[in-house]
Amino acid sequence: MNMPKRYSEMTPHQLREEIGVLKEQAIKAEQLGIVNEFDVLMRKMAMARAYMTDINKFHIGETYELVEEPGILFEITYFNGVFAWGHKQNDNEEIGIPISLLQEK
10 MNMPKRYSEM TPHQLREEIG VLKEQAIKAE QLGIVNEFDV LMRKMAMARA
60 YMTDINKFHI GETYELVEEP GILFEITYFN GVFAWGHKQN DNEEIGIPIS
110 LLQEK
């Protein structure tokens with residue numbers, strides 16, 4: 010049985026194809042009212058996009074608006090792979106966010 014490739018092992022072309030498939034599945038899940046599946050598929054798309062996003066556009070110590078939460082800022086303290094770790098404004102809880110969910114400046 011073939012194991013699916015990890016996003017980190019895919020080419021940009023393969024990632025774009027994967028995002029297209031996930032988008033179709035998400036649309037179908039949304040139409041059927043399967044909210045939890047829709048949320049999982051949206052998160053998978055964000056992860057795939059993170060591997061296509063240039064991490065050099067983001068910098069430790071700087072703040073960026075969150076794509077999914079307009080008006081909310083996120084300060085980066087460090088990177089781990091395609092995740093930016095830090096905290097939201099007015100919140101000390103450290104969280105990891107795929108870099109594709111940060112608004113580029």
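Numbering (our numbering) for the sequence shown: 10 to 114. Yeah, the Cβ is synthetic: ideal placement off N, Cα and C, and Gly gets one too. Computed from a prediction, not measured in an experiment: that's the story for all the values here.
| Item | Value |
| --- | --- |
| Segment contact flag, the segment 55 to 67 with the segment 103 to 111, C-beta cutoff 8 Å, min 3 pairs | yes |
| Three-way DSSP call (helix, strand, coil) for phenylalanine 47 in this model | helix |
| Counterpart residues of proline 107 in DSSP-defined beta bridges | Phe92 |
| Burial state of tyrosine 87 (16 or more Cβ within 10 Å) | exposed |
| Chain-order list of residues whose beta-carbon lies under 7 Å from that of methionine 51 (same chain, five-residue window excluded) | Ala35 |
| Beta-carbon gap between glutamine 98 and leucine 75 smaller than 7 Å | no |
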